[in-house]
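In my numbering, the protein residues as written are -17 to 62.
Positions of the beta carbon are idealized from the N, C-alpha and C atoms, including for glycine.
The structure under discussion appears below in the form of C-alpha cells.
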C-alpha cells in the first residue's frame, strides 16, 4: 500500500489544477495559444518536480532491497 504525504497530495492537486487550466485554455483559445502553451510548460515542470520527489522516496527502498539480496547471497556461504 502506498501512502502519500500531505506535500505529495498537494503536488498532485496542483498538477490536476494546472492540467484542467491547460485543457480549458486549449478548448477555448486553441492548442497553439500562448496561454495554453504556458500552462503546458508549467504542467511539465510540476510533473518533473513530482517525479523527482517520488524518485527520492523510492531510492531508499531500492537500497534496502539491494542490501537484503546481498545478505541472502552471503548467508549460504557462511552456513556451509
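Quiz item: Just how far apart, CA to CA, sit residue 22 and residue 34?
Solution: About 18 Å.
Quiz item: Who are the near neighbours of residue 24 in its chain, counting only those whose CB is closer than 6 Å to its CB and skipping five residues on each side?
Solution: Around residue 24: 0.
Quiz item: What's the call for residue 4, buried or exposed, on a 16-neighbour Cβ count within 10 Å?
Solution: So residue 4 ends up on the buried side.
Exercise. Please classify residue 14: is it buried, with 16 or more other beta-carbons within 10 angstroms of its beta-carbon, or exposed?
Key: Its Cβ having fewer than 16 others within 10 Å, residue 14 is exposed.
Quiz item: With DSSP run on the structure shown, which of helix, strand or coil describes residue 14?
Solution: Looking at residue 14 - three-state DSSP - the assignment turns out to be coil, as it is neither helix nor strand.
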